[in-house]
Amino acid sequence: MNVVSFVFQDWSANTRNSKGRLLGILFRLANYGLDNPVIRLLLLPYRLLYRLLVEWTLGVELPYNTVVGPGLRIYHGQALVVHKNVQIGRNCVLRQSTTIGNAGAGSTCPVIGNNVNIGANVCIIGPVHIGDNVVIGAGSVVTKSIPMGCTVVGNPARMLRRHPAPTDLASSLTTML
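Basically my numbering = 1-based index in the sequence shown + 21.
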């Protein structure tokens with residue numbers, strides 16, 4: 022993937038969200054070329070500027086070396102804290118005042134699947150796995166893994182409902198006909 026495609030991979034996901042677009046571009050540019058020592062060295066001054074601008078000025082702690090899939094959406098990015106070892110899948114939504122990280126020294130970080138929608142003021146802490154197509158309601162505290170296709174809410178987070186898998190939906194429509 023060329024540098025322009027890489028840097029703008031979150032652009033269309035943040036339609037009508039200028040702050041999300043700005044954060045996406047700044048993050049992806051800082052994230053570019055981590056596996057290439059020459060590019061890593063060339064981008065070192067920018068990465069320092071990224072930390073100053075994004076973390077200290079905008080209040081969004083999204084380390085440049087975090088693994089994040091394409092299509093990241095950031096709404097109201099204030100007070101967003103993501104640990105550098107967190108893994109985030111494709112097409113995920115992060116909102117303000119959200120913390121995603123480990124439970125302390127020596128603990129592993131969460132792994133978040135694809136198409137996960139994380140509400141405002143959510144804490145996801147510890148060695149948890151969030152499955153694909155999950156919705157986490159505002160104010161939830163997640164300390165246990167969540168299977169795919171669920172909506173969870175509360176403190177501690179509990180399953181509110183389970184969404185049918187695409188294959189389940191197709192088979193139930195076929196059965197009804």
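Backbone N, C-alpha and C define an ideal beta-carbon position, used for all residues, glycine too.
Looking at the DSSP output, N138 sits in a beta bridge with V114 and V156. Put simply, of T119, L64 and P66 the residue whose alpha carbon is nearest the alpha carbon of L83 is T119.
Within the segment 44-123, the complete alpha helix (DSSP H) segments of 4 residues or longer fall at 58-63 and 65-71, listed in chain order. With a threshold of 16 other beta carbon atoms within 10 Å, Q99 falls short and is exposed. The Cβ-Cβ distance between N52 and R42 does not fall below 8 Å.
Listed in chain order, the non-local C-beta contacts of G170 below 8 Å within the same chain comprise G152, D153, N154, V155, R183, H184, P185 and A186, local neighbours out to five positions each way being set aside. Taking 8 Å as the cut-off, the beta carbon of I60 is found no closer than this to the beta carbon of V89.
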